[in-house]
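Residues in the sequence shown are numbered consecutively from 802, following my numbering.
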Amino acid sequence: MVQSWFMSIRKIMSLSLGGKTALVTGVTGHIGKAVVKGLVEAECYVIGTDRFPRYSVDDLFEELQLTSGENMTYIACDLTLTEDIEKLFKAIDKERPDGMDIFINAAASFSFGSLIEDISLEQWKREVSINLTAAFMITQYILHKMKKKGWGRIVYVSSQLGLKAIPKAAAYITTKAGLCGLTRAVSVETAENGITVNAVCPGPREGDRICTDIFTNKKIASFIMYLCSSGADNMTGTSTSIDGGLNAT
802 MVQSWFMSIR KIMSLSLGGK TALVTGVTGH IGKAVVKGLV EAECYVIGTD
852 RFPRYSVDDL FEELQLTSGE NMTYIACDLT LTEDIEKLFK AIDKERPDGM
902 DIFINAAASF SFGSLIEDIS LEQWKREVSI NLTAAFMITQ YILHKMKKKG
952 WGRIVYVSSQ LGLKAIPKAA AYITTKAGLC GLTRAVSVET AENGITVNAV
1002 CPGPREGDRI CTDIFTNKKI ASFIMYLCSS GADNMTGTST SIDGGLNAT
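Here is the structure:
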């Protein structure tokens, strides 16, 4: 029964994502990489971006068994630079004039260990730029064509620290909480356009959890893909914890 249900979900995801085009940021990170692999397996074309030059990510294509231009295009972009983000938009317009069907924001910058009074303004601005401002700018850009299509999926990768706090991580916590707020704000403005907007909040990969199953990036990516599928048509404005029950007790 469970296996049959799981296969049905996989079928829904595959059928509803085939032929779609997705923009994924942070593709060299663990979650971003897993998302790209899942999307390509579901026959979704991916435009991936990260800060590294194209020649330095050949191992990514090799690891995921991708062919540049066939099932994925990589565009280097420093998300701390407004001019780089604008160049990304121009490159996407040239590559896919009809726009994106899916946007998955998996890029992240994090630094821990400093009390709020010891965080430099440069460090603060960097984390805000990558974790929040870039997501805002890309969302603005993709929504115009998504609304014309009457369909779209946006998923922000936030964090458990977007929902709770620990000491010495103020910049990261603030930006990840901001993503959860952005999720709600965009969702109420786009629901009538057939667009869903959700955030996932992964927890730490180790420690005591109710769920004893291995907590992997692949499983996080699978849930992200579910949010992009027709099976999640009625889910929008949510920030979902993926923490193995860590915060249940």
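Where a beta carbon is used, it is the ideal one built from N, C-alpha and C, also for glycine.
Coil, strand or helix - residue i by DSSP
i	result
F853	coil
I911	A small correction: the amino acid at residue 911 is Phe; Ile does not occupy that position in the sequence shown. Three-state DSSP puts F911 in coil, outside helix and strand.
V828	coil
I967	coil
T881	coil
T1100	This structure cannot speak to residue 1100, because the chain is shown only from 802 to 1050.
T976	helix
G995	coil
S921	coil
Burial state of residue i, where buried means 16 or more other Cβ atoms lie within 10 Å
i	result
L1028	buried
P1003	buried
R855	exposed
E928	buried
G951	exposed
K895	exposed
L905	First, the residue type needs correcting, since residue 905 is Ile and not Leu in the sequence shown. The residue in question, I905, is buried, as its Cβ has 16 or more Cβ neighbours within 10 Å.
I886	buried
N1035	exposed
I943	buried
Opposing strand residues paired with residue i [DSSP bridges]
i	result
F937	For F937, which the question treats as bridged, DSSP gives no partner whatsoever.
L916	Answer is none; L916 lacks a bridge partner.
A1000	Y957 and S1040
A823	V847 and I903
M1026	M1026 pairs with nothing; no bridge assigned.
I876	T850
Anticipated Cβ contact below 8 Å, residue i with residue j, distance rounded
i	j	result
R897	T822	5 Å
S1040	C981	4 Å
I876	I917	I876 to I917, Cβ: 35 Å. No contact.
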